[in-house]
Amino acid sequence: MLQTGRPRMQTKRTIFPNKVLPYALLAPQIAITVVFFLWPAGQAVVSSFLREDPFGLASTFVWFENYTRLFEDPAYVDSLRVTAAFAIAVTFCSMTFALLLAVAVNRLIRLGGVYTTLLVWPYAVAPVVAGVLWWFLFNPTIGILPYLLSFMGVHWNHRINGNHAMIMLVVAASWKQISYNFLFFVAGLQSIPRSLIEAAAIDGAGPMKRFWTIIFPLLSPTTFFLLIINVNYAMFDTFSIVDATTGGGPAGATNILVFKVFADGILGLNIGSSAAQSVILMMIVIALTFVQFRYVERRVQY
Amino acid sequence: MATIAIENVRKTYPGGIEVIKGLDLSIAAGELVVLVGPSGCGKSTLLRMIAGLESITAGEIAIGGRVVNNLEPAERDIAMVFQNYALYPHMSVRGNLEYGLKNRGTPRAEIDARVKEAARILEIEPFLDRKPRQLSGGQRQRVAMGRAIVRKPQAFLFDEPLSNLDAKLRGHMRVEIRRLQRTLGTTLVYVTHDQLEAMTLADKLVVMNGGAIEQQGSPLELYGDPQTLFVAGFMGSPGMNLIDVAQLRAAGATLPDAVPAGTGVIGIRPEDVFLEAGRVDGPAITLPARIEAVEMVGAESLAYAAVGGLSQSVVLRIPGAWTGHADTAADLHLPLTRLHCFSKETGRKVPLSAPALAA
Ligand SMILES: Nc1ncnc2c1ncn2[C@@H]1O[C@H](COP(=O)(O)OP(=O)(O)OP(=O)(O)O)[C@@H](O)[C@H]1O
Ligand SMILES: [Mg+2]
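Chains A and B, in that order, give the protein sequences.
With the first sequence counted from 1, adding 32 to any position gets you the working numbering.
With the second sequence counted from 1, adding 36 to any position gets you the working numbering.
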């Protein structure tokens, strides 16, 4: 028998005496993290304190000027507002639809598996493709949706109408995320014991009441988890959808933060400002992740 | 308090398996009916059909004279206690008790009064503000019963409510359920696996087998006068000794004339088999046997005796601790008056004729 020197330990644990091996095994992952994450992040932080001259030949240290300028810039404040609206709309739409679908599928006994498989497909579609797909569907000249909308008296044109552009973006971004949310909601629903629902039915609660007083509260860990994931998704993973459909326009109506970083830095070549923006984004991610971890730690709330 | 009338009820699950096969049962108001039977015989299914959680394929169920086939569970005015208790984990004990009343729009003052009373009866007042996960198994069980009694329903339906408790607590709760049911006077249908619960609780005991009722009656009736081989073997632990007559004859034993023709199996309770001839009055069958093993169960001992030619050993129940040696030869005395005769083909009882006994 293996003696570990800790008699109370229940699990068997093998101890390797080699001190170098663990580092060697970790090295590839550490290298990837450093090269592709820590180093660029550090670069961004450094750049955010610098200002380059118009020819990109020299740079001067300007302390927080890039940041103060950002918050004085109406375009940036506008982008913050647009991002918030976009994130809330996408999170709300994708989670609501996913929950509706999950509840519907959960009621089925036989065909549940088939629907689940079909509903997961959109998740496999690349964001760019999703963007292009919806761009075609909403295309004012050849798209089917504007054609149908015209019968309702709506003259769809997301190229000139900011609201239209935003709606299209929200639809495209939510559509892709519904699959993911759906899977989690189905799993959450299936972990609620049937007898609880039956007890509530005997206790005189109709289907709606059962949903709001029993099912929804018991789903709250799943819902909270998805909330964070979806805000994260809407703020950071939707770049290619914006890029493929509206390009941030018209007139900045869909210029969400991630896209603005790209537009200002790569297209506008304002490296200092763009770096400051990415540092702010980074801090938002860190904050969201922190909230999530804090929550996961004490997750059994009821 | 209400009657429950079950008439020719059938249940076929999707896939065509008939689980309840034309079952009739009538339950008087205030009666405590216990359903027992082997696993999978359809006890839970029947209970769930009464509750409205399972559709009724054919037949009719009436509660308090009202046919409930097409009513929602909530409209049937019944309360159910589940084996896993099914307490709402996100609500406090008080919340759990109130939920059914709130859904029915009971006035606040009335809700408070009823919750208070139920909590007093079940002695769960100290836990009213705790969540179910902060309670022990026994306390959860009480809360589950509390949730049933606050509603003051027409009938209670309990599905193995005590099977998750330890033996001692089970005994305690059994007594309490009986007392509670007597006090409230509410009709109760109770499903259990436990022989002791079945015998001690029931006004009427119903033995089910394969989706049909084998026999119903008072516990003592079923124990003392089983009408079928199944009931004879099922009731009691250990169950009745069932001895194949053909095997007995092949071994050279002769049966007295009192055993009616057509008897394929004779049955006798372990406590009715005696080792000493002196304790038997009246005619008896005597079988030479060998005691193979003895189990001391405290107040009594169970002896297993092998009889030449029989494939199964005969069990004897002997009061007190047995002092003899295992692996000794002994004669078993089976008093004729205690014998139950069954037909092997139908599995039903063949009545002993009184004149034959006297002869
Ligand atoms: N939803 C279902 N679909 C198909 N068959 C089912 C379903 N529920 C139960 N059955 C079958 O019906 C039969 C009776 O089940 P039931 O739960 O009523 O048994 P039970 O007498 O309560 O058994 P136990 O004592 O083990 O609880 C079983 O053979 C079971 O497999
Ligand atoms: Mg059962």
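Where a beta carbon is used, it is the ideal one built from N, C-alpha and C, also for glycine.
Keep in mind it's a predicted model, so treat the numbers as computed, not measured.
One or two residues paired with residue i in a DSSP bridge
i: Lys385 of chain B; result: B:Phe378
i: Val227 of chain B; result: B:Leu71 and B:Asp195
i: His369 of chain B; result: B:Phe310 and B:Thr322
i: Met332 of chain B; result: B:Ser337
i: Ala98 of chain B; result: B:Ala41 and B:Val103
i: Tyr212 of chain A; result: Paired residues: none, contrary to the question.
i: Arg83 of chain A; result: A:Thr92
i: Val351 of chain B; result: B:Tyr340
i: Glu54 of chain B; result: B:Thr48
i: Gln251 of chain B; result: B:Val243
i: Leu70 of chain A; result: According to DSSP, which records beta bridges pairwise, Leu70 of chain A is partnered with nothing at all.
Residues near residue i by beta carbon distance below 8 Å, same chain, minus five either side
i: Ala76 of chain A; result: Ala307, Ser310, Val311 and Met314
i: Asp367 of chain B; result: Leu311, Ala313, Thr322, Leu323, Pro324 and Ala325
Other residues of its chain near residue i: CB distance less than 7 Å, five sequence neighbours each side excluded
i: Glu67 of chain B; result: Thr223, Asp239 and Lys240
i: Leu256 of chain B; result: none
i: Gly272 of chain A; result: According to the sequence displayed, residue 272 of chain A carries Ser and not Gly. Closer than 7 Å at Cβ, skipping near neighbours: Pro159, Val160 and Gly163.
i: Pro371 of chain B; result: Asp308, Val316, Gly318 and Ala320
i: Lys79 of chain B; result: Leu71, Gly73, Val227 and Met244
i: Thr81 of chain B; result: Lys47, Val55, Ile56 and Glu90
i: Gly221 of chain B; result: Met37 and Gly66
i: Arg130 of chain B; result: Val151, Leu164 and Asp165
i: Val386 of chain B; result: Pro296, Gly298, Thr299, Cys377, Phe378 and Ser379
Three-state secondary structure assigned by DSSP to residue i
i: Met33 of chain A; result: Low confidence applies to Met33 of chain A: its pLDDT is 39, below 50, so where it sits in the model is not reliable, and the reading given next is rough at best. The answer is coil: DSSP assigns Met33 of chain A none of H, G, I, E or B.
i: Met127 of chain B; result: coil
i: Asn245 of chain B; result: strand
i: Gly284 of chain A; result: coil
i: Asp235 of chain A; result: coil
i: Ile192 of chain A; result: coil
i: Thr448 of chain B; result: Residue 448 of chain B is absent from the model: chain B starts at 37 and stops at 395.
i: Gly303 of chain B; result: strand
i: Leu256 of chain B; result: helix
i: Asn277 of chain B; result: strand
i: Glu104 of chain A; result: helix
i: Ala362 of chain B; result: coil
i: Phe93 of chain A; result: strand
i: Ala357 of chain B; result: coil
i: Tyr49 of chain B; result: strand
i: Ala394 of chain B; result: With a pLDDT of only 49 at Ala394 of chain B, under the threshold of 50, the placement of this residue in the model should not be trusted; the figure read from the coordinates follows. Three-state DSSP puts Ala394 of chain B in a helix.
i: Thr264 of chain B; result: strand
i: Gly345 of chain B; result: coil
i: Arg45 of chain A; result: coil
i: Gln116 of chain B; result: The residue you asked about is not Gln; residue 116 of chain B is Met in the sequence shown. Strand at Met116 of chain B.
i: Lys51 of chain A; result: coil
i: Ser343 of chain A; result: Lying before the first or after the last residue shown, residue 343 of chain A is absent from chain A, which here runs from 33 to 334.
Residue i: CB within 7 Å of a non-hydrogen atom of ligand 3
i: Thr254 of chain A; result: Ligand 3 is not part of the structure shown, which contains ligand 1 and ligand 2 as its ligands.
Best match in the options for proximity to residue i [C-alpha to C-alpha]
i: Phe214 of chain A; options: A:Ala56, A:Val135 and A:Leu89; result: A:Val135
i: Ala268 of chain B; options: B:Lys188, B:Phe378, B:Gly344 and B:Leu368; result: B:Phe378
i: Val114 of chain A; options: A:Glu84, A:Phe291 and A:Asn302; result: A:Phe291
i: Lys208 of chain A; options: A:Ala231, A:Asp235 and A:Leu151; result: A:Leu151
i: Glu108 of chain B; options: A:Val146, A:His190 and A:Pro239; result: A:Pro239
i: Val202 of chain A; options: A:Asn287, A:Thr254 and A:Ala63; result: A:Asn287
i: Tyr340 of chain B; options: B:Arg374, B:Leu284, B:Asn277 and B:Ala289; result: B:Asn277
i: Thr245 of chain A; options: A:Thr255, A:Thr254 and A:Ile229; result: A:Ile229
i: Trp358 of chain B; options: B:Arg215, B:Asp230 and B:Ile327; result: B:Ile327
Beta-carbon contacts of residue i that lie in its chain and below 6 Å, excluding the five residues immediately before and after
i: Ala94 of chain B; result: Arg46
i: Met116 of chain B; result: Ala87 and Leu193
i: Arg187 of chain B; result: Ala115 and Gly136
i: Pro355 of chain B; result: Glu336
i: Gly58 of chain B; result: Asn44 and Arg46
i: Gly247 of chain B; result: Val55, Ile56, Lys57 and Gly78
Cβ neighbour criterion (16 or more within 10 Å) applied to residue i
i: Arg226 of chain A; result: exposed
i: Asn44 of chain B; result: exposed
i: Ala122 of chain B; result: buried
i: Arg139 of chain A; result: exposed
i: Pro49 of chain A; result: exposed
i: Glu161 of chain B; result: exposed
i: Tyr343 of chain A; result: This structure gives no information on residue 343 of chain A, because the portion of chain A shown stretches from 33 to 334.
i: Arg9 of chain B; result: An answer regarding residue 9 of chain B cannot be provided, because it is not within the stretch 37 to 395 covered by chain B.
i: Pro72 of chain A; result: exposed
i: His126 of chain B; result: buried
i: Arg38 of chain A; result: Residue placement at Arg38 of chain A is poorly supported in this model, since its pLDDT is 46, which falls under 50; the coordinates are not used for a value here.
i: Arg40 of chain A; result: Low per-residue confidence applies at Arg40 of chain A: pLDDT is 49, beneath 50, and the placement is therefore not dependable enough to give any value.
i: Gln61 of chain A; result: exposed
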